[in-house]
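Student: Dropping the structure in here first, questions after.
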Amino acid sequence: MCGFFCIISKNAKRLDKKKISNAAKLIAHRGPDDNHSIFSNNYVFSFYRLSLRDLTTNGRQPMYSSCNRFVICFNGEIYNSEYLKLKYLPNFVFKGTSDTEVLIELFKVRGEKIIKELEGMFSILIYDNLKNSAFLARDRVGIKPLYFKKTPECLIISSEIKPILKYSSEVSMNYS
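Following our numbering, the numbering of the sequence shown begins with 1 at its first residue and continues without gaps.
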């Protein structure tokens, strides 16, 4: 199942790590196999992993691209990842066998265009360290959840609403 809780902020170092950790723990049930967090100047990414395709730490998330420009949090499965890997990355040497690694390297090569070619169920957050920008996507049917809240200080993204509600004191809904 997997799950992630992420905060993107102009100054993430000022964020309360304990408060973030307590909020992130609310999705621990989504990933009993591994959990890992990254604290950066611009973001905090926490991930709880259910290992299916790559049982080693090579599939650990959040995951950086090979050039370290991009970092990904990905929940789901890309059914055609092997096909896309052969099509766009035939000479790339992968560290592991996860579709997450394939996805982040595909994004590095194809950008947002790759989303149209993905077959599967997914929610994705990819952060570009060079442009200081975030890309969010989810599968066309909405099988994998993706929640977010934008405040003047930060963007909060999660696989479930509970960590966002715990972390943020103000709540508003958009029903459209």
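Where is the CB? At the ideal position from N, CA and C, for every residue including glycine.
(1) Do you know whose CA, among 38, 74, 9, 3, lies nearest residue 152's CA?
(2) May I ask which residues mark the beginning and end of the alpha helix (DSSP H) holding residue 86?
(3) Using the rule of at least 16 other Cβ atoms within 10 Å of the residue's Cβ for burial, across every protein chain shown, is residue 123 buried or exposed?
(4) Spatial neighbours of residue 101 within its chain, please: CB distance less than 6 Å, with the 5 preceding and 5 following residues excluded, ordered by chain position.
(5) Helix or strand or just coil, what does DSSP make of residue 160?
(6) On the DSSP letters alone, give me the boundaries of the beta strand (DSSP E) that residue 77 sits inside.
(7) Assuming residue 126 is part of the beta strand (DSSP E), what are its boundary residues?
Tutor: According to the data block:
(1) The option with the nearest alpha carbon to residue 152 is 9.
(2) Segment 81 to 88, the alpha helix (DSSP H) holding residue 86.
(3) That one is buried.
(4) Cβ within range, chain order: 94.
(5) In this structure, DSSP gives residue 160 a state outside helix and strand, which the three-state scheme calls coil.
(6) Per DSSP, residue 77 belongs to the beta strand (DSSP E) from 70 to 78.
(7) In the DSSP annotation of this structure, the continuous segment of the beta strand (DSSP E) that includes residue 126 starts and ends at 120 to 128.
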